[in-house]
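The structure appears right after this line, and notes come after that.
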């Protein structure tokens with residue numbers, strides 16, 4: 003089944019206050035594939051207990067027939083259309099297999115095959131529709147209307163689509179930037195994590211570039227539009243996801259790659275087994291019976307089941323341990339990965355800024371706890387992420403915070419307040435040191451330089467206008483990041499690389515901590531895609547692990563995309579092939595290992611199925627294989643490979659993979 007992403011709809015819903023893309027999800031019952039699959043399942047579930055209870059065939063037979071019809075007509079029609087194009091489609095093969103089962107009295111088995119196949123098609127259609135929903139919803143990150151300033155300073159609310167390059171727009175506190183442009187006037191801090199993945203807001207002042215869809219802080223900005231809305235970074239992300247999803251080479255399960263030739267050969271051989279004896283005088287009934295037996299024992303049912311149970315068992319086992327693998331094809335592809343590209347913020351790190359260093363200046367005799375309490379008291383009224391990090395650090399240490407008065411916040415500078423009757427300032431070292439004249443400024447500047455050199459964000463604290471200490475703030479590394487990087491390097495034979503939009507110093511510091519040597523920092527979404535394509539052009543099979551909107555194009559372009567689920571953007575979750583639901587990074591190498599074990603079982607099952615089929619075919623051609631015995635042998639091989647594949651459902655299978 004093939005489908006393409008629909009074009010983004012022009013209408014835009016209001017953006018929730020939390021800034022996440024609104025949920026505009028396709029309802030399951032809106033999809034015809036889902037409706038037919040549900041109908042087929044209902045009829046099957048009605049017929050099955052009647053048959054098992056010994057009811058007459060007229061009671062359950064029509065219900066099975068309805069299950070065949072509702073679940074099989076659409077894939078059958080698609081298969082006939084493919085046959086018209088001289089392609090023996092798997093859809094048609096499954097329908098023929100189901101009808102063949104019914105023809106020899108295995109009505110329930112055929113109906114079950116129809117239900118499974120219809121459900122698989124419905125899930126595929128739903129996944130495609132949900133991806134399209136997220137791509138459309140991405141444009142909601144940019145506001146529908148903006149405030150445009152005329153040459154006389156007057157304000158006019160206009161649709162974003164009406165903006166032209168050179169227009170000036172006004173961005174008030176808490177609003178989203180309506181267009182890509184450059185700041186003409188004002189100062190603020192802008193959260194641009196959706197574009198660059200940076201965990202902290204970035205100070206913006208005159209001359210700085212801003213992006214559509216990013217969230218303004220507490221300041222007011224006047225911005226000159228430099229790109230048309232159709233060419234904004236957000237719009238380019240949408241196009242990249244659509245193009246990557248549309249041009250990504252369609253993949254098949256291993257068995258599907260040989261299924262075309264095998265099935266065509268089986269059809270030709272069955273006709274030969276029927277027609278050749280008939281031409282030499284064998285009776286019609288005997289020739290037909292031999293041909294029917296041959297078709298049954300040579301049919302690819304056991305071969306198909308050789309592949310699916312191990313992969314589906316691996317999917318179920320991974321799901322129990324917090325990894326949602328979206329299809330059997332994805333589970334098979336996971337084991338082919340030979341290089342992993344990791345995002346930084348929200349993937350290797352927790353995505354939340356934390357206080358890592360509290361360094362008081364010794365000459366003022368303030369202890370670390372006193373310095374932190376002083377800063378937290380001043381920052382307490384602020385909603386800035388850095389302020390929340392400082393307050394949270396004080397709470398974790400159980401510090402009592404005095405009440406702050408006369409609180410003010412200046413975008414790009416910091417906050418000031420009166421604490422215990424004394425003026426306290428907490429903010430950007432460059433600004434506060436420029437205003438300080440104390441001799442401790444040199445010592446404070448040295449501490450700031452050391453922290454920033456280590457990839458941390460430095461925050462200066464002043465008391466009575468004199469620097470009294472410096473705080474270091476950084477995004478905390480996940481506890482399992484180092485172990486995961488080592489495991490991935492061992493599994494793939496190549497150390498992972500880091501792809502991040504964060505600044506090079508922070509990226510280099512983190513990479514050094516976890517053991518990554520190849521670091522590519524300061525990347526926009528298109529740069530991440532280019533890095534993935536560069537690796538693929540070199541013959542590598544690339545997995546990308548990320549969580550943000552800015553990672554979605556790379557997730558779509560990679561051989562396999564894995565999204566971190568807990569804080570992942572809607573677009574990343576829908577675009578990815580697999581989702582780490584609990585954000586346990588160690589499950590990524592574990593699921594790769596599990597995929598490889600599943601592929602090993604597939605090979606085992608193919609050998610078993612091949613031995614059974616070859617033996618039964620030789621028996622039928624060289625001697626006389628009774629039809630019931632042929633059916634029993636065929637079903638027996640199916641049961642054997644099925645049970646062998648189910649071994650991956652055991653807890654021990656995950657434990658071995660994780661080790």
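In this note's numbering, the protein residues as written are 3 to 661. Ideal placement from N, C-alpha and C gives every residue a C-beta, glycine not left out.
Per the DSSP secondary-structure output, residue 159 pairs in a beta bridge with 149.
Per DSSP, the continuous alpha helix (DSSP H) segment holding residue 654 begins and ends at 653-660. Boundaries of the alpha helix (DSSP H) around residue 489: 483-494.
Nearest in C-alpha terms to residue 557, of all of 471, 527, 515, is 527. Ranked by Cα distance from residue 414, the options 423, 399, 421, 433 are led by 433.
DSSP places residue 221 in the coil class of the three-state scheme, outside both helix and strand. For residue 379 and residue 421, the gap between their C-alpha atoms comes out near 7 angstroms. With contacts defined by Cβ atoms closer than 8 angstroms, residue 336 and residue 516 do not form a contacting pair.
CA-to-CA, the gap between residue 593 and residue 328 works out to about 13 angstroms.
Note: residue 473 is bridge-paired with 360, 461 in the DSSP secondary-structure output. Taking one beta carbon from each stretch, the region 570-585 and the region 599-617 have fewer than 3 pairs nearer than 8 angstroms; the two do not touch.
For the options 225, 388, 510, the alpha carbon positioned closest to that of residue 475 is the one of 388.
When DSSP states are grouped into helix, strand and coil, residue 587 belongs to the coil group. Here residue 352 carries a strand assignment [DSSP, helix/strand/coil]. Distance from the CA atom of residue 579 to the CA atom of residue 314, rounded to whole angstroms, is 15 angstroms.
By the criterion of a C-beta distance shorter than 7 angstroms, residue 452 is surrounded by no residue of its chain, once the five residues flanking it on both sides are discounted. Judged by their CB atoms, residue 589 and residue 324 are nearer to each other than the 8 angstroms cut-off. Short of 7 angstroms from the beta carbon of residue 228, and not among the five residues preceding or following it, lie these beta carbons of its own chain, in chain order: 167, 182, 183, 184.
Distance from the CA of residue 591 to the CA of residue 489, rounded to the nearest whole angstrom, comes to 6 angstroms.
Membership of residue 373 in the alpha helix (DSSP H) is indicated by the continuous run 370-381. Contact annotation: the region 611-619 does not touch the region 350-366, with fewer than three C-beta pairs closer than 8 angstroms. Shown here for residue 204: same chain residues with a beta carbon closer than 7 angstroms to its own, the five before and five after excluded, namely 191, 192, 194 in chain order.
DSSP places residue 366 within a helical segment (H, G or I) once states are collapsed to three. Taking all protein chains shown into account, residue 83 has fewer than 16 neighbouring C-beta atoms within 10 Å of its C-beta and is therefore exposed. Residue 326 and residue 120 have their alpha carbons spaced roughly 21 angstroms apart. When only Cα atoms are considered, residue 532 and residue 145 end up about 28 angstroms apart. Taking 8 angstroms as the cut-off, the Cβ atoms of residue 512 and residue 457 count as close. Note on geometry: alpha-carbon atoms of residue 506 and residue 156 lie some 41 angstroms from one another.
Residue 509 is positioned such that its CB atom lies closer than 8 angstroms to that of residue 502. If you look at residue 40, you'll find it in the alpha helix (DSSP H) that goes 34-54. Using a 10 angstroms sphere on the CB of residue 576, the tally of other CB atoms reaches 16 or more, which defines it as buried.
Annotated as proximal: residue 124 and residue 36, with beta-carbon spacing under 8 angstroms.
Scanning its chain for C-beta atoms nearer than 7 angstroms, with the 5 sequence neighbours on each side dropped, one finds around residue 373 the residues 360, 362, 463, 470, 471, in chain order. Excluding residues up to 5 positions away in sequence, 42, 69, 70, 73, 74, 100 lie with their Cβ nearer than 7 angstroms to the Cβ of residue 116 in the same chain. For the pair residue 651 and residue 319, the CB atoms are nearer than the 8 angstroms cut-off. Bounds of the beta strand (DSSP E) holding residue 522 are 520-522.
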